[in-house]
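First residue of the sequence shown? That's 2 in our numbering, and the numbers climb one at a time after it. Each residue gets a CB set at the ideal place from its N, CA and C atoms; glycine is no exception. In this text, all values refer to a predicted model and were calculated from it rather than measured experimentally.
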Amino acid sequence: MHPLISAALPRIEEACKRHGVRALYLFGSATTGTFDPVRSDFDFIVDFGSADLGPWMSAVFEFQRSLQTILGRPVDVVLASSLGHSQRGHLIESQKVPVYAAA
Numbered sequence: 002m003h004p005l006i007s008a009a010l011p012r013i014e015e016a017c018k019r020h021g022v023r024a025l026y027l028f029g030s031a032t033t034g035t036f037d038p039v040r041s042d043f044d045f046i047v048d049f050g051s052a053d054l055g056p057w058m059s060a061v062f063e064f065q066r067s068l069q070t071i072l073g074r075p076v077d078v079v080l081a082s083s084l085g086h087s088q089r090g091h092l093i094e095s096q097k098v099p100v101y102a103a104a
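The following block contains the structure:
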């Protein structure tokens, strides 16, 4: 796991619980060894299960803002339910590293 994620893990877990996240995964440059500390953002797959995401998916954007505040850098969030069986979805699945799973 990327060192910045490891250092922030207790706060990330707290945010996951607060926002009703079922599972959270890291993917992209932070898992492939190409992370640039100056330019890179963090890419996450988030699974809210069957939770209501609110109007205009506000739950997703609120969770994204929480992660950005915790990590102090830009964060991209992809819904697990949106990955499907596309080439991009398969690439993301091959790179993902678990960060959080609800008990």
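Below-8 Å beta-carbon distance, Ser7 vs any chain B residue = The chain inventory of the structure shown lacks chain B, comprising one protein chain alone.
ask   = Which ranges does the alpha helix (DSSP H) cover as unbroken runs of at least 4 residues, wholly within the stretch 48–81, from first to last along the chain?
value = 59–72
message = Starting from Pro4, trace the alpha helix (DSSP H) in both directions and tell me its first and last residue.
response = Pro4 to Arg19
request  = Identify every residue that forms a DSSP beta bridge with Ala24.
outcome  = Asp48 and Ala102
Cut-off 8 Å between Cβ atoms - residues of its own chain near Ile6, not counting five sequence neighbours on either side = Ile13, Leu27, Ala31, Phe43, Leu72 and Val100
request  = Use the C-beta contact count for Phe62: other C-beta atoms within 10 angstroms, 16 or more gives buried, fewer gives exposed.
outcome  = exposed
Own chain residues within Cβ distance below 6 Å of Val79, not counting five before or after = Ile46
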